[in-house]
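Colleague: Let me give you the structure first, and then I'll get to my questions.
Protein chains: 2
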Amino acid sequence: MDLFFLAPLSGAIGILFGFFLWFRVSKVNPGNKRMREIAAAIHEGAMAFLNREYRTLAVFAVVLFFVLGFLINFNTALCFLAGAIFSGAAGYAGIKIATIANVRTASSARKGIGEALHIAFSSGSVMGMMVAGIGLLGLSILYLIFRDPAIINGYALGASSIALFARVGGGIYTKAADVGADLVGKVEAGIPEDDPRNAGVIADNVGDNVGDVAGMGADLFESYVSSIIATMTVGYLLFQADRNIGWVVLPLLVSSVGIIASIIGFFFVRSKEGVRLGAALERSTLVSATIVIIASYFLSTALLGQIGPFLAIIAGLLAGVIIGKLTDYYTSYHFKPVQELARSSQTGYATTIINGIALGMGSTTLPIITIVVAIIIAYLASDIYGIAIAAVGMLSTVANTVSVDAYGPVADNAGGIAEMAKLEPHVREITDELDAVGNTTAAIGKGFAIGSAALTALALFTAYTQAAQIDVIDITQANVIVGIFIGGIIIFFTTSHTLNAVGRAAFDLIEEIRRQFHEIPGLLEGKAKPEYTRCVDISTSTALKEMIVPGLVAIIVPIIVGMIPLLGKEALGGLLAGALVTGVLMAIFMANSGGAWDNAKKWIETGHFGGKGSDTHKAAVVGDTVGDPFKDAAGPAINILIKLMSIVALIFAPLFF
Amino acid sequence: MDLFFLAPLSGAIGILFGFFLWFRVSKVNPGNKRMREIAAAIHEGAMAFLNREYRTLAVFAVVLFFVLGFLINFNTALCFLAGAIFSGAAGYAGIKIATIANVRTASSARKGIGEALHIAFSSGSVMGMMVAGIGLLGLSILYLIFRDPAIINGYALGASSIALFARVGGGIYTKAADVGADLVGKVEAGIPEDDPRNAGVIADNVGDNVGDVAGMGADLFESYVSSIIATMTVGYLLFQADRNIGWVVLPLLVSSVGIIASIIGFFFVRSKEGVRLGAALERSTLVSATIVIIASYFLSTALLGQIGPFLAIIAGLLAGVIIGKLTDYYTSYHFKPVQELARSSQTGYATTIINGIALGMGSTTLPIITIVVAIIIAYLASDIYGIAIAAVGMLSTVANTVSVDAYGPVADNAGGIAEMAKLEPHVREITDELDAVGNTTAAIGKGFAIGSAALTALALFTAYTQAAQIDVIDITQANVIVGIFIGGIIIFFTTSHTLNAVGRAAFDLIEEIRRQFHEIPGLLEGKAKPEYTRCVDISTSTALKEMIVPGLVAIIVPIIVGMIPLLGKEALGGLLAGALVTGVLMAIFMANSGGAWDNAKKWIETGHFGGKGSDTHKAAVVGDTVGDPFKDAAGPAINILIKLMSIVALIFAPLFF
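The listed protein sequences derive, respectively, from chains F and S. Under the numbering used here, residues 1 to 657 are what the first sequence spells out, in order. Under the numbering used here, residues 1001 to 1657 are what the second sequence spells out, in order.
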């Protein structure tokens, strides 16, 4: 099938386009000496984080490589290594470009908002193109080599492992650095936020890149490759029935079109002064999605002679867009929910917390109904293949999604650099405007990440039932109900663990910042430089340590449940379903509560209900602080866990016979 | 089967024993004029609440009566009315005796702790005996009349409706009154807590009785009768196979023994000065449970010729005890979790909230593993009949459980009366000691209520699959997965609604208290009496109004899901499973977070981490305020909803063919 070669080809095109953008961004003037110094420190810190993370990961990967090799087979183990290395490479590129672009965005902002947007969005697009391009290229090469979806499952597990480290470890790291740096700096030493004398301040700035660039990228990389692989697995069975290889190739081709469509979409992002920034980003998303929809119609009818898969793809794509919009509604201060939450801060801390929690829990209804409707449409259109290909549809324009999303932290960092380097006020105004749009796109991105994780996990669940040769998972059987309960427990247990972990990791950083203030002579007077990398290194290592428990739970519990005779592979199916439903509810709840608290605080800071410094503001700040580990650590960790457990089940299925 | 008549007989004995205790309590000296006045006001308020509630309920019951009559049949509708009336009668008796006993407990405390404990526990036992006695008597009479478990399902629905009003409406009422009275009284008017000039103060005191006596009683009444009925339904099918009526009669007989065992257990509660109070209550529980276990062995082998059901009963009973103990561990300040939570209040509001939430979520693991193990044992011992009879086992000593539980609010109220009537300090010390034990038993009772709701819902789910003639509910089918998602949404949606409802209902009460301060001349000077009943009436009616949405969702959504061709009865099965798993997790999380915050505050008040008035204490107070609607409104509402939805599914099953 010649069409098949479109997949590695468009993957390569995506990567090349990413390098082209990278080259262009790196040519931009990085600003004055002070700016370059700060940027260098952030860059240095980010690299310290990555080094530490990849070192730990290497041990983990080697162990898992041999476990997979001996328990399953060495081809799967090789694919696993490839997945980990490729996802790691995409994350490396993303952080590298983000730390190059932040200072250049700040320096371009001196010329105008159009230039600054261009740099920030270009750097986001580097990450986007790398995620999609590397993901698809690697996947299609491995498929060309092994010609068996069962083996390339290993690739998804590799991606999942990186996502676990980047998203869960990174999430804990980010919030610990945030809390730790603030507490010692502002409260104890009495120096301002973002002050370079604070040894933890670079760790904090690094955190933005780690969480929102590398973490989000790894999360979507995982969803992207997993949804394609799951669809190929289901498609392979259909192929065995009717000898039409189209079932296997379709997800690859839809993804190929998605990369090209995202490149085209890139050129639709333009902003002149006065034009709404958000609209510029939305236009690119719209263009990419439209191209994918049109192409999917032709692919679906040409390859399979039916429009069923096409309808499923539309359902997935639209669901992604709608969930993003709903997330925006519940977390942006332009709408009633957040404004009402801000109002409730007038009556104090407790009402802020209760209303924020109620908002988050209530905000799960519509997104999940959206997912449910997409599932029904996809299923009616093309049975379980429809559910899997709907996930592919939702994720086909992932290059665009990541671009829009990774642009935010770059703009955020640019603002920080402008502040620290004391640039002209209008520069900060421009970066603030970019940042405000970035907050919205970040919220939309979080919603999209959860929605796509849900559909991907469902697609993997479907693939698992095929791989484990399960006909029926009957919840009237006690072992299946028990499995569903265990799945639910895992979500609550790990969420509890992650929330506590942030506190513990912050404590380690606090100790180190204090030590540096005491032991480095002249630090507080600004005569000596703090050891930024030590702080980064310490909080990276404690964050990674805290990640061990949820990681092991997600890998080992499914295998144990699947192997225990009393429970078995059907109970494992129940576990996946229980974790999926509970996980999606909790992930949306935590992301939206956190986002709403954040923006309620910002709404008050724009002058409502007494503004900054009022009692209302103080209450809102507490809400924001509670929301931070919700939305940036515990919530995103759930995305990873529900996918990781499904992949583990899929790969280890041969053990459950 | 002559043994069968033991059921109505022991039900009647329970009721008679309840009346005997009632008579004895009412003979006790009610104290001085001031005490009697306060008690009269609380009594008057409680009756105002009940009147308002039962009036609203009457409308609801009449509508549902005709709906049931026309859609199902009028026998079921009659059973429904009987269930509502009988459960209402038990609640009425419970509130009546609680408001008689509170002042008598205070007055007996002047003689010593033994006397006070005796009165408080006797009054709790009145409620306990009424719940079990009325429940079993009504159920067995209806079964004698109709001889068909399918019809007496209506009885469970009636009990469920009362539980909905008493537990959900009552929960919202309780917390709204608490918040409203405090806010206007302490903050605005500057008068102390529990000051009789505050029109809302009686509403607040009434709330304790409404939530912890009537609400808890109705909740367990519902679990009690539902678990028996569900087991009879499953047993009826086994009877049709082997013509052994023992399958149907066993749950009735186990429950009969439970009542007698609880009466015997009553006489083991004795306390001399210096003997640990909690131990006295535990002894009675232990005695009752042991009697049930021994009797179950003989019943199981004699009626069915096998020990399977006996093992299932033990599994259920033990699970109930273990869950209670675990709840105590996570929420009592004698153990590490709450002490650590109190410590985290030292670093402020946000850490208090984050750690309390993490504690609650983490505390779901062990109780649910306990439930899961009980399910596995029961299933292995006696298949799905085992799961149902395990719930009966757990609830067999419900008379004892309710006694221990309802004793708490009586002691609490006694303390309030002692305070308001300015009795000697040693009286207050004694009531405080009783109250402290009451807090522990209340926490254990909450854990037990959740555990029993979980097993009961599972038993009802099993009965539903039989009634709807479902062979398999296969989660690899899209409609079933969709059902599970919908079940999860319902829990999060209603929890969000309930949390918000507390705020709205409190607001209505605040308006009324303010109005009375403005419009009643001489009120603040103590020359005029406020209109307590108006406050009770207003917040009752708004609380009941807020209950409509969750109530309708729980009744209508399952019916719609069952009837829509795309979803159907299997999707409804998925809905029940999704709601069960999500609901149990959320109920335990909210109950334990709330309980832990409450006791962390109390731990600080005993002099730790700076004691009362310190910043640490202020942070802990915010935790407690957040926890109040968690543990007393939103959490308990979930118990009711998961059972109610299962009963609705069971009764309307004939519509889904």
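Note that CB positions come from ideal geometry on N, CA and C, so glycine has one too. The structure displayed is predicted, hence computed values, not measured ones.
Chain F beta carbons: is any one of them nearer than 8 Å to that of ALA1457 (chain S)?
Modeller: For the purposes of this step, residue 1457 (chain S) is taken as the residue at position 457 of the second sequence. Chain F, which has no Cβ nearer than 8 Å to the Cβ of ALA1457 (chain S), makes this no.
Colleague: So with CB distances below 8 Å, who are the chain S contacts of PHE492 (chain F)?
Modeller: One-based indexing of the first sequence puts residue 492 (chain F) at position 492. Neighbours of PHE492 (chain F) across chain S, judged by C-beta separation under 8 Å: MET1361, GLY1362, THR1364, THR1365, LEU1585 and PHE1589.
Colleague: Between VAL28 (chain F) and GLU605 (chain F), what straight-line distance do the alpha-carbon atoms span, to the nearest angstrom?
Modeller: Position 28 of the first sequence, counted from the start, is the residue given in the question as residue 28 (chain F). Position 605 of the first sequence, counted from the start, is the residue given in the question as residue 605 (chain F). The straight-line gap from Cα to Cα measures roughly 34 Å.
Colleague: Distance, Cα to Cα, ALA106 (chain F) vs ALA1457 (chain S)?
Modeller: One-based indexing of the first sequence puts residue 106 (chain F) at position 106. One-based indexing of the second sequence puts residue 1457 (chain S) at position 457. The alpha-carbon atoms of ALA106 (chain F) and ALA1457 (chain S) are separated by roughly 59 Å.
Colleague: Exposed or buried, which one is ILE1556 (chain S) when buried takes at least 16 other CB atoms within 10 Å?
Modeller: Position 556 of the second sequence, counting from 1, holds the residue named residue 1556 (chain S). Under this definition ILE1556 (chain S) is an exposed residue.
Colleague: Whose C-alpha, out of F:LEU252, F:GLY623, F:ILE95 and F:ILE172, is nearest the C-alpha of PRO344 (chain F)?
Modeller: By 1-based counting over the first sequence, the position of residue 344 (chain F) is 344. Checking the sequence shown, residue 344 (chain F) turns out to be Ser, not Pro. Considering only alpha carbons, the answer is F:GLY623.
Colleague: For the stretch 1432-1498 of chain S, which segments carrying the alpha helix (DSSP H) assignment without a break, of at least 4 residues, lie completely within its bounds, in sequence order?
Modeller: Runs of the alpha helix (DSSP H) spanning 4 or more residues and lying entirely within the stretch 1432-1498 of chain S do not occur at all.
Colleague: Cβ of THR1441 (chain S) within 8 Å of Cβ of GLY1408 (chain S)?
Modeller: As a position in the second sequence, residue 1441 (chain S) is number 441, starting the count at 1. As a position in the second sequence, residue 1408 (chain S) is number 408, starting the count at 1. Result yes, Cβ atoms of THR1441 (chain S) and GLY1408 (chain S) sit closer than 8 Å.
Colleague: Measure from the C-beta of PHE657 (chain F) to each C-beta in chain S and report whether the shortest distance is under 8 Å.
Modeller: Sequence index remark: in the first sequence, residue 657 (chain F) carries index 657 (1-based). No, PHE657 (chain F) does not count as interfacial toward chain S.
Colleague: Closest Cβ-Cβ distance between PRO192 (chain F) and chain S: below 8 Å?
Modeller: Numbered from 1 along the first sequence, position 192 holds the residue referred to as residue 192 (chain F). PRO192 (chain F) does not count as touching chain S.
Colleague: Counting beta carbon pairs with one atom in the stretch 521-532 of chain F and one in the stretch 461-481 of chain F, are three or more of them shorter than 8 Å?
Modeller: no
Colleague: I'd like the span of the alpha helix (DSSP H) that includes LEU1253 (chain S), first residue to last.
Modeller: On the second sequence, residue 1253 (chain S) is found 253 positions in, with the first residue counted as 1. From DSSP, the alpha helix (DSSP H) with LEU1253 (chain S) extends over 1246-1266.
Colleague: Pairing CB atoms from the stretch 1008-1025 of chain S with CB atoms from the stretch 492-504 of chain F, are three or more of them under 8 Å?
Modeller: no
Colleague: Among the candidates S:ASP1598, S:PHE1656, S:MET1547 and S:ALA1649, whose CA atom is the shortest distance from the CA of ILE1162 (chain S)?
Modeller: As a first step, residue 1162 (chain S) must be located in the second sequence, where it is residue number 162. Comparing Cα-Cα distances from ILE1162 (chain S) to each of S:ASP1598, S:PHE1656, S:MET1547 and S:ALA1649, the minimum goes to S:MET1547.
Colleague: Quick check: the stretch 1312-1325 of chain S against the stretch 1559-1579 of chain S, are at least 3 beta-carbon pairs closer than 8 Å?
Modeller: no
Colleague: Among the residues of its own chain, which have a CB less than 7 Å from the CB of ILE228 (chain F), if the five just before and after it don't count?
Modeller: Taking the first sequence and counting its residues from 1, the one referred to as residue 228 (chain F) is at position 228. So the qualifying residues of the chain are LEU139, PRO251, LEU252, SER255 and VAL392.
Colleague: Kindly indicate which residue of S:ILE1417, S:LYS1033, S:ARG1167 and S:TYR1143 has the alpha-carbon position closest to the one of VAL1201 (chain S).
Modeller: As a position in the second sequence, residue 1201 (chain S) is number 201, starting the count at 1. The option with the nearest alpha carbon to VAL1201 (chain S) is S:ILE1417.
Colleague: Is it right to say ARG1428 (chain S) is buried, meaning 16 or more other beta carbons lie within 10 angstroms of its own, or is it exposed?
Modeller: As a working mapping, residue 1428 (chain S) is identified with position 428 in the second sequence. Flag for ARG1428 (chain S) reads buried.
Colleague: Between VAL1206 (chain S) and ALA1399 (chain S), which are expected to be in contact by the criterion C-beta below 8 Å, what is the C-beta distance as a whole number of angstroms?
Modeller: Locating residue 1206 (chain S) in the second sequence gives position 206, counting from the first residue. Locating residue 1399 (chain S) in the second sequence gives position 399, counting from the first residue. Rounded, the Cβ-Cβ distance is 25 Å, inconsistent with contact.
Colleague: Where does MET1547 (chain S) fall in DSSP's three states?
Modeller: Here residue 1547 (chain S) refers to the residue found at position 547 when the second sequence is read from its first residue. If DSSP states are grouped into helix, strand and coil, MET1547 (chain S) belongs with coil.
Colleague: Go ahead and label LYS336 (chain F) buried or exposed: buried means 16 or more other beta carbons lie within 10 angstroms of its beta carbon, across all protein chains shown.
Modeller: In the first sequence, the residue the question calls residue 336 (chain F) occupies position 336. Exposed, since its Cβ has fewer than 16 Cβ neighbours within 10 Å.
Colleague: Looking at THR1099 (chain S) and ASN1198 (chain S), is the spacing between their C-beta atoms short of 8 Å?
Modeller: As a working note, residue 1198 (chain S) is residue 198 in the second sequence. As a working note, residue 1099 (chain S) is residue 99 in the second sequence. Not in contact: ASN1198 (chain S) and THR1099 (chain S) (Cβ atoms no closer than 8 Å).
Colleague: Along the chain, which unbroken stretches of the alpha helix (DSSP H) at least 4 residues long are found entirely within the stretch 1013-1092 of chain S?
Modeller: 1033-1071
Colleague: Straight-line CA distance for LYS1186 (chain S) to HIS1608 (chain S)?
Modeller: Numbered from its first residue, the second sequence carries residue 1186 (chain S) at position 186. Numbered from its first residue, the second sequence carries residue 1608 (chain S) at position 608. One C-alpha to the other measures close to 25 Å.
Colleague: For ILE1141 (chain S), report the span of its alpha helix (DSSP H) as first-last.
Modeller: If you number the second sequence from 1, residue 1141 (chain S) lands on position 141. Run containing ILE1141 (chain S): 1113-1146, per the alpha helix (DSSP H) assignment.
Colleague: What is the DSSP secondary structure of ASN413 (chain F), counted as helix, strand or coil?
Modeller: For this step, residue 413 (chain F) is matched to residue 413 along the first sequence. In this structure, ASN413 (chain F) counts as helix in the three-state DSSP scheme.
Colleague: Going by C-alpha distance, which of S:PHE1630, S:LYS1618, S:ASP1435 and S:ILE1520 is nearest ALA1116 (chain S)?
Modeller: For this step, residue 1116 (chain S) is matched to residue 116 along the second sequence. Measuring from the Cα of ALA1116 (chain S), the nearest candidate turns out to be S:ASP1435.
Colleague: In three-state terms, what does DSSP make of ILE191 (chain F)?
Modeller: Numbered from its first residue, the first sequence carries residue 191 (chain F) at position 191. Three-state DSSP puts ILE191 (chain F) in coil, outside helix and strand.
Colleague: Out of curiosity, what's the CA-to-CA distance linking SER1249 (chain S) and GLY1447 (chain S)?
Modeller: Counting from 1 along the second sequence, the entry for residue 1249 (chain S) is found at position 249. Counting from 1 along the second sequence, the entry for residue 1447 (chain S) is found at position 447. Just to set this straight, residue 1249 (chain S) is Val in the shown sequence, not Ser. Approximately 28 Å between the Cα atoms of the pair.
Colleague: Could you spell out the range, first to last residue, of the alpha helix (DSSP H) harbouring VAL1234 (chain S)?
Modeller: Taking the first residue of the second sequence as position 1, residue 1234 (chain S) is located at position 234. Unbroken alpha helix (DSSP H) run through VAL1234 (chain S): 1216-1242.
Colleague: Can you find a CB in chain S that lies within less than 8 Å of the CB of ILE389 (chain F)?
Modeller: The residue labelled residue 389 (chain F) in the question sits at position 389 within the first sequence. Taking Cβ atoms only, chain S never reaches closer than 8 Å to ILE389 (chain F), which makes this a no.
Colleague: Would a check of beta-carbon distances place ASP212 (chain F) closer than 8 Å to chain S?
Modeller: Here residue 212 (chain F) refers to the residue found at position 212 of the first sequence. Output row for ASP212 (chain F): interface = no.
Colleague: Under 8 Å Cβ to Cβ from PHE652 (chain F), same chain only, skipping five residues before and after it: list those, please.
Modeller: Here residue 652 (chain F) refers to the residue found at position 652 of the first sequence. Result list for PHE652 (chain F): LEU71, ILE72, PRO558, ILE559 and GLY562, in chain order.
Colleague: Is it true that the stretch 477-487 of chain F meets the stretch 591-603 of chain F, where meeting means three or more beta-carbon pairs spaced less than 8 Å apart?
Modeller: no
Colleague: Could you pull out every residue in the same chain whose Cβ sits closer than 6 Å to the Cβ of PRO1367 (chain S), ignoring the five residues on either side in sequence?
Modeller: Numbered from 1 along the second sequence, position 367 holds the residue referred to as residue 1367 (chain S). If the five residues before and after PRO1367 (chain S) are omitted, its C-beta is found closer than 6 Å to the C-beta atoms of ILE1323, LEU1326 and ILE1588, all from its own chain and listed in chain order.
Colleague: May I ask you to report which of helix, strand or coil DSSP gives LEU1423 (chain S)?
Modeller: Here residue 1423 (chain S) refers to the residue found at position 423 when the second sequence is read from its first residue. DSSP places LEU1423 (chain S) in coil when its eight states are reduced to three.
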